[in-house]
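Enquirer:
Residue numbers (the numbering used here): 135 to 353.
#1: Quick one: what does DSSP say residue 205 is sitting in, helix, strand or coil?
#2: What residue does the alpha helix (DSSP H) around residue 331 start on, and which one ends it?
#3: Out of 252, 289, 341, 295, state which residue places its alpha-carbon closest to the alpha-carbon of residue 274.
#4: Between the Cα of residue 317 and those of 261, 347, 277, spot the shortest distance and give me the residue it belongs to.
#5: To the nearest angstrom, report how far apart residue 297 and residue 320 are at their CA atoms.
#6: Output yes or no for whether 8 Å exceeds the beta carbon distance between residue 301 and residue 315.
#7: Return yes when at least one heavy atom of the ligand ADP lies under 7 Å from the C-beta of residue 326, else no.
#8: Straight-line CA distance for residue 286 to residue 254?
#9: Apart from the five residues just before and just after residue 256, which ones in its own chain have a Cβ nearer than 7 Å to its Cβ?
#10: Give me the Cα-Cα distance between residue 349 and residue 325, rounded to the nearest whole angstrom.
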C-alpha cells in the first residue's frame, strides 16, 4: 500500500515538473520572439530603406528654350514694327485718284506723289483726309482712291446759254460746270427748238464737234 502511494506521488511530481518545464519553454520562446520583434521595430538600422534616385532631368537638364523664345519675340516685334512701317505713306508713295463719271461712263485717273502731312499717314488718316473718296487699294507705295459722280468728265463740251448768248461750258475733275467761253451768237436769232435745246445743254465730245455745232447756229 505504501509502495502504491509513493508511486502515485512520484508521478504527480513528474507531471508537475514536466508542466513547469513546458511552461518555461513556452515562456522563453514567446519572450524571445517578442524581444526580437521589439528590437527590430526600435532599431533604426532595421527600418526598411527607401531608395532615392535623382531624376535624370535634374542631372542632365534640357537645353533652355528661353533664349530661343526671346529671339523669336524680338523677331516678331521687329516684324510687327516693319509691318506697321510698311502701312505708312512715305515720300515715294503714289496716290492714284480714280473718278468714275456716271453721265458719260468715263473714268479718269490722276497720280500724285505723297507730300507734306501725307507722309507717315496711316490708312485711317488718309481716309479722314479724303472723305469724299473710298480707299480701294492700300499697299504702299501705291494707294488707290476711288469715287463716282453724276456728271460728265472734263473731256466733253456743253453748249448752253449765258445771259441770252450761246456759251461753251466744260466740267472740271470734280464735276463742277465751268464757263469756258461766251460767244456773240444771240439766243434771239435761233428757232424755238434750238433755244430749247441750248437751254437744256448740248453735249459734244470733241472741239471739232463743238465748232461745227456753233457754225450751224450762226448760219
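We put the CB at the ideal spot given by N, CA and C, even for glycine.
Expert: For this structure:
#1: Per-residue confidence for residue 205 stands at a pLDDT of 47, beneath the threshold of 50, marking its modelled position as unreliable; the derived number appears in the next sentence. Residue 205: helix per DSSP, three-state reduction.
#2: Note, residue 331: alpha helix (DSSP H), 326 to 334.
#3: The residue among 252, 289, 341, 295 with its C-alpha nearest the C-alpha of residue 274 is 252.
#4: Taking the Cα of residue 317 as reference, the smallest distance to any Cα among 261, 347, 277 is reached at 347.
#5: In this model, residue 297 and residue 320 are separated by some 9 Å (Cα to Cα).
#6: Yes, they are a contact pair.
#7: You won't find the ligand ADP in this model; it holds no ligand whatsoever.
#8: If you take the alpha carbons of residue 286 and residue 254, they lie about 35 Å apart.
#9: Close CB contacts of residue 256 within its chain, under the 7 Å cut and outside five residues either way in sequence, are with 221, 222 (chain order).
#10: Straight through space, the alpha carbons of residue 325 and residue 349 are spaced by roughly 15 Å.
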